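**Q**
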Amino acid sequence: KEKEVIPMAGFHWEEFYRIFKEKLEKMTDCIVEPYVPSGENRFPCVEARLIENPGSGYDLEGGEGACSPLIEVRVYCGSTLGDTACCRVSEAARNLMLSYGFQCRNGPGKAEEQSPGVVRWAGRYQRTFGNSEELEQYE
42 KEKEVIPMAG FHWEEFYRIF KEKLEKMTDC IVEPYVPSGE NRFPCVEARL IENPGSGYDL
102 EGGEGACSPL IEVRVYCGST LGDTACCRVS EAARNLMLSY GFQCRNGPGK AEEQSPGVVR
162 WAGRYQRTFG NSEELEQYE
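Sequential numbering of the sequence shown, starting at 42, is according to my numbering.
Structure below.
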């Protein structure tokens with residue numbers, strides 16, 4: 042007998058990241074890509090990372106009823122742009138996350154310096170997706 046594949050709950054990181062990148066880059070003058078501390082970065086640079094994605098509501102066969110992805114959004118700016126640019130881009134990212142039903146769990150706010158001459162702001166966002174729920178914008 043062939044084992045049935047049990048579907049995960051409704052959050053798909055690749056789909057979310059593609060939409061987030063496209064919309065945030067249109068809203069601001071940032072670029073959404075991983076920050077490289079010793080590399081050539083264009084500022085402002087935004088890095089979105091899936092920190093965790095715990096499941097819940099499992100049935101006896103292991104089917105997942107829901108998941109709650111926690112996403113961290115980091116904004117990096119050169120010291121010439123500083124806190125003003127990081128704040129502006131962080132607020133745009135926050136508004137975008139809220140429009141998809143995420144709740145702000147922390148920040149956005151200034152984080153400790155990662156590299157000399159680079160300002161970093163960070164915020165964390167989380168929401169629950171039910172099984173087979175689609176990613177949709179509410180606002």
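From the three backbone atoms N, C-alpha and C, an ideal C-beta is built for every residue, glycine too. Quick caveat: nothing in here was measured; it's all calculated off a predicted structure.
For the region 85-142, list the alpha helix (DSSP H) runs that are entirely contained and at least 4 residues long, ordered along the chain.
**A** 123-140, all fully within the region 85-142.
**Q** By alpha-carbon positions, which one of Gly51, Glu153, Arg115, Tyr58 ends up nearest to glycine 164?
**A** Ranking the options by Cα distance to glycine 164, first place goes to Arg115.
**Q** Nearest to alanine 89 by alpha carbon, out of Val159, Tyr117, Gly98?
**A** Of the candidates Val159, Tyr117, Gly98, the one whose C-alpha sits nearest the C-alpha of alanine 89 is Tyr117.
**Q** If I follow the unbroken alpha helix (DSSP H) through arginine 59, where does it start and stop?
**A** 54-68 is the extent of the alpha helix (DSSP H) around arginine 59.
**Q** Mapping the DSSP letters down to three states, classify phenylalanine 170 as helix, strand or coil.
**A** Here phenylalanine 170 sits in strand by DSSP.
**Q** Exposed or buried, what is proline 78 when buried is set at 16 or more other beta-carbons lying within 10 Å of its beta-carbon?
**A** Answer is exposed; the Cβ neighbour count stays below 16.
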